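Heads up: the sequence shown begins at -6 in my numbering, then just goes up one per residue.
Worksheet: one structure, shown below.
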Amino acid sequence: MVATVVLLSLLRLLSAAEGTDRDALLAFKAGVTSDPTGALRSWTNDTGTAASFCRWAGVSCSAAGRVTTLDVSSYGLEGTLSPAVADLAYLEFLNLTNNAFSGAIPDSLGKLTRLRYLSLCDNSFSGGIPGTLGGPANLTVVYLNNNGLTGGVPAWLGAMPALVYLTLYQNALTGTIPPELANLTTIQQLRLDQNFLEGVIPDGLARLPRLQFFNVYGNRLTGEIPRGFFNMSSLQGLSLTKNAFHGELPPDAGARSPNLLYLYFGGNRLSGTIPASLGNATKLQVLSLANNSFTGQVPPEVGRLCLNSLQLSNNELTASDAGGWEFLDNLTNCDALYEIQLDGNNLGGAMPTSIARLSPQLQGLSLAGNRISGVIPPGIGSLVKLQTLDLGHNLLAGAIPSGIGKLKNLRMLQLKGNELAGPVPSAMSDLTQLLNLDLSGNSLNGSIPPSLGNLQRLTLLNLSGNGLVGNVPSELFGLSALSLAMDLSGNQLDGVIPREVGQLVKLALMALSGNRFTGDVPAELGSCQSLEFLNLDGNLFTGSIPSSLSRLKGLRSLNLSSNRLSGAIPPELGQMSGLQELDLSRNDLSGGVPAGLENMTSLIELDVSDNNLDGNVPLHGVFANATGFNMAGNSALCGGAPQLQLPPCRSIAGSDSTGGDHLLLKIALR
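As structure tokens, then:
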């Protein structure tokens, strides 16, 4: 009889516990306002089967029928987190990752004393981190990153005895890093990056015995880097990028870092030389010291590391023919090397031929903005997986090697601002994956190869500032993907612009200035509906301005100056509400200034100086702006806004007082 009573009591308790867990789960579902995949459709108030909720999507139970896991990650759920989830007294694993929950994190979560794993990351939670989260003593994992949390990093986090992973990155946390975090003797990963933290890194964090990854990237931290980080044998990754740390790296940095895999120190105010001792960190894969003020030569020892990525851009590093390039020679032994960034330094001397012997796995190579001379190594074509090659703004001379055409995976080729000569290699037509080609500011000559029309993925083409001659191949105007720019200005190109120019319907900028183009301004330009900047100045264009240009509704700047155009300015140009600049200076236009120009509400600068304009100046728009309208050197102009101080116009019988079409006109709108 007693056994029966006990059994009935246990059954009642179990039934009550099951009811509590079911109610808590249904309360959780009630807080969900959107379930786009129907993931919680199975969550119904079905009491017909004992612990039926244990079979609901995302729910796992113990043998006793108590909920131990709630994992609804990546279900796309929206809503708020119900405080009733804390009634799941046996919950050990709570994972809401990658949903759209919002609102505050409930204080009640502190009641989940058995909780070991908590992930609320990749949602939209707001407010502070509730102090009650310090209650569950068994918590080993806390992921709160990628939310909108505010307030400070709580000092009580340092009192969580079992914590192994703590990620608070990409929130809006402020204040300083609490020194109490140095008490996290079990911590392996600590991420506080992409917040608004200030102050220094507490020295105690550099003595955490099990710390493997520490990341404070993208904060407002200052001071010197605690030297203890360079003595941590456990450390595998250290990221301090984009803060305001200053000082020098210790001369023995890396000497006691046997497990270090990556070192990100870019975007700070570090100075001094790069320690040769970094070569002792033999497992180092990524070394990023870019955007600092490091000086001197890159130690040869750095090149002996089996690096995957070397990022030293924008420092004050040096090299010359006498030495300083040995590190690059040593890097030829790094089979897994995929990226070298050395741009923006003071590297000089001839470009090392060892570049051609770098790993064929190399995908990015940037040496731009240095003082490198000599020729581009002919063997550079051996870097067959290269996607980005930037050698711009150096002192490179000689011809562009035809072997560059072997780089079939190249997406960006930047050779601008050098002293390269000779023709544009026809082999470049083999770079069919190319998106960006910039050869500007060199001394290239010869004609533009028609085969460049094979580069059908090209979005930017810049051949400006060279000595190219001849006609522009019509094939170039068939590059339908061109969207950013086509800049052929500052050459000696001639002939007429092919009618195929109208096919460039995605192009935002076209610059053909400073050449010897003849014939009409093509009416087909009116089909280039994405044009924002059109520069045709400094050529030998004749005829009239095509009225079709008025169809370019997004045009912000039009420069037709220094040509031989004639006829009237099309009145339709006055209706181009997007036009901000119009330059027609030094032409032979005839007819009056159309009153429609004053309706160009975006026009902010108008320069009609040094022409033979006469007649009435309109009163409104840019004409009423004494600073934006320049009319010097046009003695026959009259009327206009009072601040222009022009003489009044004399009424002439049979004429239009606003400026008749019979008037000879030179106009510069700039």
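Where is the CB? At the ideal position from N, CA and C, for every residue including glycine.
This one's a predicted model, so the numbers in the text were calculated from it and none came from an experiment.
I need the straight-line Cα distance from residue i to residue j, nearest angstrom please.
i	j	result
L166	R107	28 Å
S473	S313	44 Å
S476	L430	13 Å
S482	L384	21 Å
I665	K546	With the chain covering -6 to 663 only, the question about residue 665 has no answer from this structure.
L379	P292	25 Å
P171	L177	12 Å
G512	L502	21 Å
S66	S101	21 Å
R643	G633	13 Å
N411	N455	14 Å
N116	A390	54 Å
T234	E173	23 Å
G260	L630	56 Å
L497	D322	45 Å
M225	A246	11 Å
G337	A155	46 Å
T37	G121	33 Å
A661	D480	Summary for A661: the model assigns pLDDT 36, below 50, so the residue's position carries little reliability; its value from the coordinates is reported in the next sentence. Going by the C-alpha atoms only, they are around 22 Å apart.
N301	L253	13 Å
G41	L70	Interpretation of G41 is limited by its pLDDT of 48, a score under 50 that renders its predicted location unreliable; the figure taken from the coordinates is listed afterwards. C-alpha separation (whole angstroms): 27 Å.
T425	S395	15 Å
L54	R34	Reading the sequence as shown, one finds Cys at residue 54 and not Leu. So the alpha carbons of these two residues sit roughly 19 Å apart.
Across which residues does DSSP place residue i in a beta bridge pair?
i	result
T381	G357, M405
G124	None; G124 has no bridge partner.
R509	D487
L231	F207, L256
T288	T266, E309
L63	V52, L87
V25	G72
N609	C631
A414	A392, S436
Check whether the Cβ of residue i lies closer than 8 Å to any Cβ atom in chain D.
i	result
A199	This model lacks chain D altogether; it includes just one protein chain.
So what does DSSP say about residue i, is it helix, strand or coil?
i	result
T13	helix
R107	coil
V462	strand
L502	strand
C631	strand
R643	coil
T346	helix
A478	strand
N532	coil
R213	strand
V279	strand
Q334	strand
F238	coil
G374	helix
A274	coil
D245	coil
A32	coil
E525	coil
R544	helix
R557	strand
S422	helix
Taking the alpha carbon of residue i as the point to measure from, which residue in the options has its own alpha carbon closest?
i	options	result
L340	L305, A329, P353	L305
Y83	L379, G120, V25, T13	T13
G488	F510, M225, G396, L201	F510
V465	M225, L448, N484	N484
L445	N438, V462, S467, G458	S467
K104	Y158, G128, Y136	G128
G296	S559, N307, N308, V279	V279
A274	G259, Y255, P202	Y255
A32	G51, D16, F21, L505	G51
L461	A349, Y331, S436	S436
M421	G374, L388, S75	G374
L324	L351, L448, P99, S95	L351
E241	F287, R200, N212, R213	F287
T452	N459, L113, A478	A478
Y210	L355, L639, R184	R184
G272	N285, R262, L303, S264	L303
S555	G72, N528, R549, L413	N528
K409	L400, G372, R450, S359	S359
N459	L469, A152, L413, S55	L413
Mind checking whether the beta-carbon of residue i lies closer than 7 Å to any heavy atom of the ligand NAD?
i	result
L111	The ligand NAD is not part of the structure shown, which contains no ligands of any sort.
Report the residue ranges of all beta strand (DSSP E) runs contained in full by the stretch 131 to 216; include only those spanning at least 3 residues, in chain order. 134 to 136, 158 to 160, 167 to 169, 182 to 184, 189 to 192, 206 to 208
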